[in-house]
Amino acid sequence: MGAEIPVLTIDGPGGSGKGTISALVAQKLGWHLLDSGALYRLVALGAQKQGLALDDEAALGDYARDLDVKFELVPGSTEVRTLLAGEDVGRQIRTEACGNAASQVAALPAVREALHQRQLDFRQPPGLVADGRDMGTAIFPDAGAKIFLTASVEERAQRRYKQLKEKGISVNLADLQKEIAQRDARDSQRRVSPLRPAEDAVLLDTSEMDIETVLNEVLDICRQRFAGVLSTS
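Per the working numbering, the sequence shown starts with residue 14, numbered consecutively.
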C-alpha cells in the first residue's frame with residue numbers, strides 16, 4: 014500500500030501506556046492496529062517453544078521471517094487478541110519473562126530486518142495506529158503524526174504491577190522496577206533502532222495523567238494532523 018495511507022505512530026518505553034492508548038485510538042478512528050512490541054514477544058515465545066537460543070541470530074531471523082501473526086481488536090474494549098498460527102497467545106506473551114526475552118531478540122539486526130517488511134504491510138486503508146519503540150523513527154518515518162509517551166520508572170512499574178496482578182500473575186514490585194530500568198537501558202543503547210523520540214514527535218509524559226486525559230490529547234493531535242482524512246463525527 015502507498016504512503017498516502019495515514020499513519021499515527023505511538024512510541025515509548027514499556028509501561029508508558031502506549032498499548033492501551035493505541036488500542037483506544039484505533040477503535041475511535043476505525044483504523045488498523047500494529048502492536049510491534051508483540052511481534053518481538055511472539056518471536057521470543059515461539060523461539061523458546063521450539064528450543065531456539067535467544068542469541069542464535071540466524072535461526073531467530075529465519076523464524077521471524079515466517080511468523081504467522083494476526084491482531085484482532087475486541088469490540089468495545091481495549092483488549093487485543095494476538096494470534097500466533099491461529100492460537101490466542103496474548104496471556105503468554107505479556108509475562109515479564111517474555112518481555113525481557115523480547116528485548117533481547119529485538120536487539121538482533123537479523124530479527125529486525127525480518128520483521129521490517131511485515132510491519133510495513135500493516136499499513137492498509139483507512140489508516141494505521143502503530144504502537145512500538147521505533148515506529149516513528151525506523152518503520153514509518155513519513156507518518157503524519159508521531160507521539161512519544163513516557164513516564165517515570167516508578168510509575169511504570171506501579172502500572173505494570175497492577176496490570177499483572179489483575180491478570181492473576183504473581184510479580185514482585187521491586188524486581189519489576191529493576192527489570193523495567195534494565196530494559197530501558199538495553200532498548201536505548203542497542204545498536205539498531207535504539208529507543209528514542211523521532212525529531213518531529215510530540216512528547217507526552219503520562220506520569221501524572223489518567224488514560225482519558227492522554228487519549229484526548231492524542232485524539233486532538235490526530236484531528237489537527239489528519240484534518241483532511243478524519244470524519245468530523
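Backbone N, C-alpha and C fix where the C-beta goes; we use that ideal spot for every residue, glycine too.
Rounded separation between residue i and residue j - CA only
i      : j      : result
Gln190 : Gly27  : 11 angstroms
Thr226 : Thr22  : 18 angstroms
Val242 : Met148 : 21 angstroms
Gly70  : Gly32  : Looking at the sequence provided, one finds Glu at residue 70 rather than Gly. So the alpha carbons of these two residues sit roughly 27 angstroms apart.
Glu192 : Gly103 : 21 angstroms
Arg203 : Phe239 : 33 angstroms
Asp134 : Ala164 : 30 angstroms
Ile234 : Ser206 : 25 angstroms
Glu230 : Ala39  : 14 angstroms
Cβ-based neighbour list, residue i, same chain, cut-off 7 angstroms, excluding 5 preceding and 5 following
i      : result
Leu73  : Val56, Ala60, Leu65, Val118, Leu121, Ala123, Val124
Ile106 : Ala51, Arg54, Leu55, Leu58, Thr95
Ala127 : Gly74, Ala77, Arg78
Ser220 : Ala164, Ser165, Glu168
Buried versus exposed call for residue i [16 or more other C-beta atoms within 10 Å across all chains shown]
i      : result
Ser35  : buried
Leu216 : exposed
Val87  : exposed
Gln132 : buried
Gly89  : exposed
Ala110 : exposed
Gly181 : exposed
Start-to-end residues for the alpha helix (DSSP H) that takes in residue i
i      : result
Val242 : Segment: none, Val242 is in no alpha helix (DSSP H) and carries neither H nor E.
Asp197 : 186-202
Val215 : Looking at the DSSP string, Val215 is not in any alpha helix (DSSP H); the run it does join, the beta strand (DSSP E), is 215-218.
Leu121 : Looking at the DSSP string, Leu121 is not in any alpha helix (DSSP H), and its letter there is neither H nor E.
Leu208 : That residue, Leu208, is in no alpha helix (DSSP H); it is neither H nor E in DSSP.
Leu177 : 166-179
Gly89  : That residue, Gly89, is in no alpha helix (DSSP H); it is neither H nor E in DSSP.
Secondary structure of residue i, DSSP reduced to three states
i      : result
Ile160 : strand
Gly112 : helix
Gly28  : coil
Arg94  : strand
Leu261 : One cannot answer for residue 261 here, as it falls past the ends of the chain, which runs 14 to 246.
Gly145 : strand
Ile18  : coil
Leu58  : helix
Glu230 : helix
Glu100 : strand
Leu65  : coil
Ile23  : strand
Arg107 : coil
Glu221 : coil
Residues near residue i by beta carbon distance below 6 angstroms, same chain, minus five either side
i      : result
Leu208 : Arg146, Asp200, Ser201
Cβ shell of residue i (< 8 angstroms), same chain only, five flanking positions each side left out
i      : result
Glu100 : none
Arg170 : Note that residue 170 is Ala in the sequence shown here, rather than Arg. Excluding residues within five positions, the ones whose Cβ falls inside 8 angstroms are Gly28, Leu186, Leu189, Gln190, Ile193.
Limits of the unbroken beta strand (DSSP E) element including residue i
i     : result
Asp48 : 45-48
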